[in-house]
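Here it is, written out as structure tokens:
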């Protein structure tokens, strides 16, 4: 079966084959890749002293539509193209009827000399302006890369730096980093600067800032091993880092829920591949959950999963503070 072409792969191919033209909508959480392609679009306008006429950046929320129309329709200065960048317009969610009508018409009659680029945090694919944009322009969602894509990216960066890093170490490195290529690149830069010719798992453990998810999973390890002191140390570290107690508690809940699901599926005769598919996680991450599930009883996991909504309600009723509730959850789980 052929691999489905991602939005970013399609954009890369189209820019190579056809160049930059027409209207673009960039949105999504992978800011590193998004900014990389914003710069590729921006390169179509030469830095020749007429940039102020040919490269116009607009605050979509604050700028009236008639001013945006003027920016789009005015001719470029001593250049074949002009680029209009509209940031955070919100028009691809639920715009007012007159605003939606304006953009639905404007997008359909975009001048050939104008390149129009929208940069949004998120969109509503049901909105009429989004549907129009999908027909007349290029829509690209910059989603977080999949683990295998991150692994390939890290391999490439390590080779460029003329260093070595085994695939297992790269996969471990990717698994402990915060989401997003910006975070991954920052952590990799630290490793490349401080490590010897070959980057080892020890280097990663020593230098890399672990994601909240990884710290939470370490917390579940402490609960398994009854390592009370280390468990409360991790909680203190999370609190010092100003992480949300709600976030940590629901990540714990999610971890126990995945372990419970794994345990029940294996009890019903499911294979590792079936469990991984149901969890919606790559193998090396899913394995953490189904291996961890072996160390807890079904009753314990079920009790932990049901406990979080109870504490959530108590917080909302003002009966207990958020961090006190989280400490209570961990205290109970440890049987301390």
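Residue numbers (our numbering): 22 to 357.
Note that CB positions come from ideal geometry on N, CA and C, so glycine has one too.
Predicted, not measured: the structure shown is a model, and the values here were computed from it.
{"Asked": "Unbroken stretches of the alpha helix (DSSP H), 4 residues or longer, contained in the region 205-268", "Found": "222-228, 233-246, 249-261"}
{"Asked": "Whole-angstrom distance between residue 122 and residue 115, CA atom to CA atom", "Found": "12 Å"}
{"Asked": "Whole-angstrom distance between residue 120 and residue 147, CA atom to CA atom", "Found": "16 Å"}
{"Asked": "Cα-Cα separation between residue 248 and residue 78, rounded to whole angstroms", "Found": "54 Å"}
{"Asked": "Option nearest residue 90 by Cα separation, candidates 131, 50, 166", "Found": "131"}
{"Asked": "Residue environment, residue 23, which counts as buried when at least 16 other CB atoms sit within 10 Å", "Found": "Confidence is the limiting factor: at residue 23 the pLDDT is only 41, short of 50, which leaves the residue's position unreliable, though a coordinate-based value still follows. Residue 23 comes out exposed."}
{"Asked": "Spatial neighbours of residue 199 in its chain, beta-carbon cut-off 6 Å, leaving aside the 5 residues before and after", "Found": "232"}
{"Asked": "Cross-strand partners of residue 141 (DSSP beta bridge)", "Found": "48"}
{"Asked": "Segment contact, 8 Å Cβ cut-off, at least three pairs: the region 263-283 with the region 327-337", "Found": "yes"}
{"Asked": "Nearest residue (CA-CA) to residue 283, options 313, 256, 254, 265", "Found": "313"}
{"Asked": "Assigned secondary structure, residue 306 (DSSP; H/G/I helix, E/B strand, else coil)", "Found": "helix"}
{"Asked": "Limits of the beta strand (DSSP E) - the one that residue 320 falls within", "Found": "That residue, residue 320, is in no beta strand (DSSP E); its alpha helix (DSSP H) goes 319-337."}
{"Asked": "The alpha helix (DSSP H) enclosing residue 91, as first and last residue numbers", "Found": "86-94"}
{"Asked": "Cβ-based burial, residue 310 [other Cβ within 10 Å; buried from 16]", "Found": "buried"}
{"Asked": "Beta strand (DSSP E) segment containing residue 159, residue limits", "Found": "159-162"}
{"Asked": "Simplified DSSP state of residue 103, which is helix, strand or coil", "Found": "strand"}
{"Asked": "Three-state secondary structure (DSSP) of residue 292", "Found": "coil"}
{"Asked": "Nearest-angstrom beta carbon gap, residue 229 and residue 197 [assumed within contact, 8 Å]", "Found": "6 Å"}
{"Asked": "Residues near residue 325 in its chain [Cβ-Cβ closer than 7 Å; skip 5 each side]", "Found": "277, 354"}
{"Asked": "C-alpha distance - residue 202 paired with residue 139, whole-angstrom precision", "Found": "21 Å"}
{"Asked": "Rounded separation between residue 28 and residue 109 - CA only", "Found": "20 Å"}
{"Asked": "Length of the line joining the Cα atoms of residue 100 and residue 137", "Found": "16 Å"}
{"Asked": "Burial state of residue 346, where buried means 16 or more other Cβ atoms lie within 10 Å", "Found": "buried"}
{"Asked": "Where the alpha helix (DSSP H) through residue 191 begins and ends", "Found": "188-197"}
{"Asked": "Touch test, the region 43-51 against the region 158-170, Cβ-Cβ under 8 Å, three pairs minimum", "Found": "yes"}
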